[in-house]
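Q:
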Amino acid sequence: MDWAVIPKNIYFLLGGLGLTFQLAAIAMVGGLLVGIIMGLARTSSIRWIYWPATLYVNFFRSLPLILVIFWFYFVIPFILGRPLGDFLSAIIAFIIFESSYFAEIVRAGIGSIRKEQVFAGYSTGLNYYKTMRHIV
Numbered sequence: 001m002d003w004a005v006i007p008k009n010i011y012f013l014l015g016g017l018g019l020t021f022q023l024a025a026i027a028m029v030g031g032l033l034v035g036i037i038m039g040l041a042r043t044s045s046i047r048w049i050y051w052p053a054t055l056y057v058n059f060f061r062s063l064p065l066i067l068v069i070f071w072f073y074f075v076i077p078f079i080l081g082r083p084l085g086d087f088l089s090a091i092i093a094f095i096i097f098e099s100s101y102f103a104e105i106v107r108a109g110i111g112s113i114r115k116e117q118v119f120a121g122y123s124t125g126l127n128y129y130k131t132m133r134h135i136v
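What the sequence shown shows, in the working numbering, is residues 1 to 136, in sequence order.
(1) Roughly how many angstroms separate the alpha carbons of Ile110 and Val29, rounded to a whole number?
(2) Below 8 Å, can you find three or more Cβ-Cβ pairs linking the stretch 120-136 to the stretch 51-66?
(3) Rounded to a whole number of angstroms, what is the C-alpha to C-alpha distance between Leu126 and Leu14?
(4) Look up Ala103 in the DSSP assignment and say whether it is helix, strand or coil.
(5) Would you grab the beta carbon distance between Ser99 and Met38 for me? Rounded to a whole angstrom, and I think it's under 8 Å.
(6) By Cβ distance, which residues of its chain are closer than 7 Å to Ala27, with the 5 residues on each side in sequence left out?
So, in structure tokens, the structure goes:
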């Protein structure tokens with residue numbers, strides 16, 4: 001193995017490392033935001049909010065990440081009729097994939113809260129959103 005290749009190409013490697021960190025940061029923030037919304041939707045008692053969120057989470061959690069990346073790189077541009085670009089395809093794929101896992105984490109976290117705590121929030125005059133924000 002020729003390790004002399006690494007110092008010769010260090011600028012390319014560092015550029016790739018920076019791009020990887022940028023991709024990971026954007027995907028984590030976007031996935032967390034979408035995941036919180038989907039997780040809250042999965043705890044909803046309204047069926048037309050609950051079922052689409054549940055289908056979204058279960059569908060994307062059942063797929064391998066490489067399939068989601070391939071799908072957004074090859075299939076979606078074919079359907080739209082124009083390319084999305086490498087970086088945008090990766091961002092969308094990672095956000096959708098990560099958000100399904102974050103949504104399940106949020107749903108499980110909310111589900112672990114005892115109902116008495118939620119009722120205590122309601123009894124103090126807080127609405128659903130303030131109860132979720134301040135108590136849960």
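In this text, a Cβ means the ideal position worked out from N, Cα and C, and glycines have one as well.
A: Reading it off the structure:
(1) 20 Å
(2) no
(3) If you take the alpha carbons of Leu126 and Leu14, they lie about 50 Å apart.
(4) helix
(5) 6 Å
(6) Ile91, Phe94, Ile95 and Glu98
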